[in-house]
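In what follows, a single structure is set out as structure tokens and then discussed.
2 protein chains.
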Amino acid sequence: MFCGDQPLLSRMLTEAGVAAHPRIRFVHSDDQVSMADKPSLALRTKRDSSMRHALDLVEQGTVQACVSAGNTGALIAMAHYVLKMLNGVERPALVSALPSCNGKPVYMLDLGATVNCDADTLFQFAVMGAVMAEEVIGIRAPRVALLNMGEEEIKGSDQIKRASQLLQECRDLNYIGYIEGNDIFSGKADVIVCDGFVGNVALKTCEGVAKLILKRAQQGVKQRPFAALLSWLCKPALKSLYQGMNPDQYNGASLIGLRGIVVKSHGNATKDAFLSAIRQAVCEVQRQVPAKIKDRLEQVLIDKA
Amino acid sequence: MFCGDQPLLSRMLTEAGVAAHPRIRFVHSDDQVSMADKPSLALRTKRDSSMRHALDLVEQGTVQACVSAGNTGALIAMAHYVLKMLNGVERPALVSALPSCNGKPVYMLDLGATVNCDADTLFQFAVMGAVMAEEVIGIRAPRVALLNMGEEEIKGSDQIKRASQLLQECRDLNYIGYIEGNDIFSGKADVIVCDGFVGNVALKTCEGVAKLILKRAQQGVKQRPFAALLSWLCKPALKSLYQGMNPDQYNGASLIGLRGIVVKSHGNATKDAFLSAIRQAVCEVQRQVPAKIKDRLEQVLIDKA
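See the structure below:
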């Protein structure tokens, strides 16, 4: 089901040669949320936007999931308002699978939905991340770590220390302690938990580093002898190197903790990358991720009592 | 002047063939701060450690700077206690020059000295970072940015928003607004300000990404045809690519805001990298960085009034 400007969508589908697909339906919107819209304003004034329509359809049960490449802040605010939080979850989290050195994806959350997180929120994120890793990629007893500035117990903010205590006391999670930024991609943990500010900065820093290294490598190649040959030979390696950080298969951050499934795609996603975000949503529908999160949180609370 | 176990130091200097150097002097210590020592405990109990002796020498004016590759947390706690803060600075910051896409270094602070920073502290860090960029690498009116999770004014935590307001009102700084993680290395800013937790995670994440990309690139090289030739040809590029993120010339994080000069070297620094940390200290002595920071902060306060 496509939410948006129907004539425009029809034209694009015709151009792509798929307009006649029998399962395509439209929900027309006159309005849209722009990338510059403030989330709070979009929430109040953009009730006839494609984004709002898509979320309303999830809330009504007409569709099972919403996939959007739009304004992230507005999507979070609207999804929070329309779909509401699951019982036992205070704040939503953006979670994404990242590549790791051992080839297995690592789930990191929150990547920017909740700026300030207290210990309880970080604890809930840990439970939600573990459910994602178990359900979506089938890791049994995923290793959960808190992102911190050191591995020792004394390091970090008070919230993180308290969250670590809560996680240590929880028998339903395979909590392995603190992890530092240099181990995000090492494969030491399957789920990495942090607040939205730190997660967002860390993720975007990766992008910056990848660009810097690519530039350096290209310069390095140019400066060496046999430059032309080497440059030509290296091109695929350099390209795969950059894509290794931004691969299509890692597109799609799930907004979790809500009573419905919402997947955020990169705004500049390729066709394949957008497909990957849709696949992510389908997988969450099949595995009933929101219900599993709710069940797991209830279980944790029962075991705690 | 070497602080530490004198017999051990003498032996090492003899092995290196420089024991007879006329300017070498020793301050013997029986004790040392280990990497596992808690900062607070080291501060209380390690008064006869090499680290404490080195800082005492700075405080007494016997030496002009301390360069240490020891326990970072203990060094910060001890330096804070022994050297005291400059007037107008509430908390110390670790600052380091990082590489950027345009070839010019970018100063980032705080990298882990102060976990929680309020708006005033972030403002002071901005002033200190600007002085470093001006004095140490001679950038006139360095562009100062706050690291945030978005470039819009509405993004981020309350501290960051208030710090941004303080920086906008300050005529003595070339404040350019918010910057995101993906622009840390883009060359958009000369000084990037954040709290110690975020800075530490971001910096260590860079290390993790660099390792991941190197591993991916090596795998990519192996999988391609002409593998042996290509691998051999690419080796220098791949090596320089990794070193590009961890280069010897970027070793040496300065602990600033104190009434004395302290430079922290990586614990596993090579000879060249350690030399670079010493050079950094010498430069700060020559440019009288602590006095310049003090003067600039006074100037800012006068202009504000």
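Keeping their order, the protein sequence lines are chains H and G.
For the first sequence, position 158 (counting from the first letter as 1) is numbered 908 according to the working numbering, and the numbering increases by one without interruption.
For the second sequence, position 221 (counting from the first letter as 1) is numbered 971 according to the working numbering, and the numbering increases by one without interruption.
No residue lacks a Cβ here, since even glycine has one placed at the ideal position from N, Cα and C.
Quick check on residue i: does DSSP put it in helix, strand or coil?
i           : result
Met-878(G)  : helix
Pro-997(G)  : Reliability fails at Pro-997(G), whose pLDDT of 47 lies under 50, so the model's placement of it is uncertain and the value that follows must be treated cautiously. Correct three-state label for Pro-997(G): coil.
His-771(H)  : coil
Phe-752(G)  : strand
Met-785(G)  : coil
Ala-939(H)  : coil
Ala-1055(H) : coil
Val-1039(G) : helix
Leu-836(G)  : coil
Ser-850(H)  : coil
Ser-1026(G) : helix
Ser-799(G)  : strand
Lys-905(H)  : coil
Ala-1019(H) : coil
Ala-766(H)  : coil
Arg-1108(G) : With chain G covering only 751 through 1055, there is no way to say anything about residue 1108(G).
Arg-890(H)  : coil
Asn-932(H)  : helix
Asn-866(G)  : coil
Thr-871(H)  : helix
Gly-823(H)  : helix
Cys-956(H)  : helix
Asp-1045(H) : helix
Gly-946(H)  : helix
Arg-921(H)  : coil
Can the beta-carbon of residue i be found closer than 9 Å to that of residue j?
i           : j           : result
Val-813(G)  : Ala-819(G)  : no
Ala-827(H)  : Leu-793(H)  : yes
Glu-885(G)  : Glu-1034(G) : yes
Gly-958(G)  : Ile-889(H)  : no
Val-1012(G) : Asp-945(G)  : no
Ala-815(H)  : Ala-1031(H) : yes
Met-801(H)  : Gly-1007(H) : no
Leu-1047(H) : Val-877(H)  : yes
Ala-1027(H) : Asn-1001(H) : yes
Gly-931(G)  : Val-856(G)  : no
Asp-860(G)  : Ala-883(G)  : no
Met-858(H)  : Val-941(H)  : yes
Gly-1017(H) : Phe-947(H)  : no
Pro-789(G)  : Asn-821(G)  : yes
Asp-806(H)  : Asp-780(H)  : no
Val-894(H)  : Ala-952(H)  : no
Tyr-925(G)  : Leu-897(G)  : no
Val-881(G)  : Val-1039(G) : yes
Lys-1014(G) : Ala-1023(G) : no
Val-845(H)  : Leu-923(H)  : no
Val-943(H)  : Gly-879(H)  : yes
Met-899(G)  : Lys-954(H)  : yes
Val-783(H)  : Lys-796(H)  : yes
For residue i, which beta-bridge partners are listed by DSSP?
i          : result
Gly-927(H) : Ala-895(H)
Val-845(H) : Leu-859(H), Ser-1004(H)
The beta strand (DSSP E) spanning residue i covers which residue range?
i           : result
Met-858(H)  : 856 to 859
Val-817(G)  : 815 to 818
Lys-1014(G) : 1011 to 1014
Nearer than 8 Å: is that true of the beta carbon of residue i relative to any heavy atom of the ligand SAH?
i          : result
Ser-914(G) : Ligands in the displayed structure: none, and consequently the ligand SAH is not present.
So residue i is in the alpha helix (DSSP H); what residue range does that whole segment cover?
i           : result
Val-1059(G) : What is shown of chain G runs 751 to 1055, which leaves residue 1059(G) out entirely.
Give a yes or no on whether the minimum CB-CB distance between residue i and chain C is below 9 Å.
i          : result
Asn-866(G) : No chain C is part of this structure, whose protein chains are labelled H and G.
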